[in-house]
Each structure stands twice: as C-alpha cells, then as structure tokens.
Amino acid sequence: MTSLAPLPHETPASPSDLEIMRLQLGRDMRGVVSIARRCGCGRPAVVRTAPRLEDGTPFPTSLYLTLPWLTLELSRLEATGLMAELTERLESDEQLAAPYRAAHERYLARRAEIGEAEEVAHVSAGGMPTRVKCLHALAGQSLAEGPGINPVGDQVLAMIDGAAPELVCRCQDEEPGTDPDEHRTDEGEEGR
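Below is the structure:
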C-alpha cells in the first residue's frame with residue numbers, strides 16, 4: 001500500500017466537537033477518529049470514522065458528512081434525479097469513470113490507514129466505483145481530501161453555493177431544534 005499525504009484539513013476531535021455532532025445529527029456519533037473538515041466557523045463538517053465501530057459493527061463510510069445545511073442541499077440534489085444522471089455518465093464517459101475509480105481506491109487506502117474491517121474491505125462509499133448512490137459520501141470525500149480526488153464529489157459541491165472551493169458557514173441559518181438529518185436520503189447506508 002502506498003502512503004498517502006495527510007488529509008489537508010484534519011484535526012483532532014474535541015469533546016466540544018462530539019457535542020456539536022450530537023446536535024447536528026440528533027444522536028451520538030460513534031467511531032470518531034478525527035475531524036476531516038470543518039465549516040468556515042470551525043464546527044465539524046466531515047468526521048473521519050473507524051471502519052469498525054465500538055460494538056464491532058463494520059462501517060465502510062469513513063468520511064461522514066455532518067454539516068446540516070450541506071446535507072440538506074445534497075439531499076435536494078439527490079431528489080432531482082442527479083444520481084441516476086451521473087451513473088449514466090460513468091457508464092459512457094471514461095474521463096469521468098477513471099478518476100472516479102481512482103477515488104474509490106483512495107477511499108479504501110485512506111480507510112486502511114485507521115483500521116480494517118474485512119466485511120467491508122472492498123466497499124468504499126457513495127456507490128463507488130461504478131455508480132453514484134450517495135452524494136453525501138462523495139461530497140464528504142471531496143471536502144476531506146480537497147479538490148481533484150473525487151470528480152463526482154467535486155462536481156456536486158460546485159453546484160452548491162458556498163460549498164466549494166471554501167466551505168462557508170451557514171450554521172447561523174439553521175433553526176434550533178430542527179433535525180438536520182430529516183431530509184437525508186441515505187440513512188440506510190450511513191445511519192448509525
């Protein structure tokens with residue numbers, strides 16, 4: 001396995017970060033390794049999670065998006081049929097498909113840095129390497145790794161004002177007491 005450069009925005013997760021993620025998700029976040037990317041205000045946006053949770057459950061999504069305003073925007077894009085369109089493009093556009101496959105391999109290598117779970121050894125996230133199943137996971141990889149690693153994640157983030165190239169803060173726009181995950185469509189894959 002090749003050694004990857006460190007994630008460009010990775011920082012340790014503090015007790016305050018864990019509390020913020022609990023508020024963002026409406027539940028405790030398990031398997032936290034670090035914060036892979038932060039919002040412009042410093043709140044967690046993408047958390048790096050262990051491939052095996054504390055109770056032994058394998059968990060393939062090692063770059064987990066937590067930022068409520070962005071999960072909502074991505075859910076809105078998912079509702080437009082964009083995932084099916086992108087999957088069709090992967091089938092016919094090798095200039096998109098090849099770097100997408102490379103993003104899958106990088107996802108696996110990045111997860112292997114922090115542990116192994118044989119049950120998910122060849123499973124990355126978001127439908128990689130052949131389809132687009134979850135924009136949240138793909139955007140999470142793009143935010144954590146930086147631009148140029150996941151072409152689909154990069155394209156999707158470019159469609160959302162304030163998501164790229166810098167992740168601006170919209171946290172003040174969120175209403176207290178709302179469930180930031182209520183619009184998320186990928187609970188079966190990523191819910192804990």
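Per the UniProt record's numbering, residue 1 is the first one in the sequence shown, and the count goes up by one each step. Just so you know, even glycine gets a beta-carbon here, dropped at the ideal spot from N, CA and C.
Under 8 Å between the Cβ atoms of residue i and residue j?
i, j, result
"Ile20", "Ser62", "no"
"Glu10", "Arg30", "no"
"Cys39", "Leu67", "yes"
"Leu90", "Arg37", "no"
"Gly153", "Gln141", "yes"
"His104", "Met128", "yes"
"Val46", "Ala164", "no"
Around the C-beta of residue i, are 16 or more other C-beta atoms found within 10 angstroms, so that it is buried, or is it exposed?
i, result
"Ala125", "buried"
"Glu182", "Interpretation of Glu182 is limited by its pLDDT of 39, a score under 50 that renders its predicted location unreliable; the figure taken from the coordinates is listed afterwards. By the neighbour-count rule (16 or more Cβ atoms within 10 Å), Glu182 is not buried but exposed."
"Ala121", "exposed"
"Gly56", "exposed"
"Ala139", "buried"
"Gln24", "buried"
"Pro44", "buried"
Rounded to the nearest angstrom, what separates residue i and residue j at their Cα positions?
i, j, result
"Arg22", "Arg52", "19 Å"
"Val156", "Leu74", "8 Å"
"Arg111", "Ala50", "8 Å"
"Tyr64", "Ala137", "6 Å"
"Ser14", "Gly148", "29 Å"
"Leu70", "Ser3", "30 Å"
"Ala98", "Thr87", "13 Å"
"Pro12", "Arg48", "10 Å"
Using a Cβ-Cβ cut-off of 8 Å, state whether residue i counts as contacting chain B.
i, result
"Asp173", "Going by chain labels, chain B is absent from the structure shown, which holds only one protein chain."
Relative to the ligand GTP, is the shortest distance from any of its heavy atoms to the C-beta of residue i smaller than 7 Å?
i, result
"His136", "Only the bare structure without any ligand can be found here, which leaves the ligand GTP out of the picture."
Going by alpha carbons, who is nearest to residue i out of the options?
i, options, result
"Thr80", "Ala109, Ser34, Cys134", "Cys134"
"Arg27", "Ser34, Leu18, Val33, Ile35", "Leu18"
"Pro151", "Leu167, Arg106, Arg170", "Arg106"
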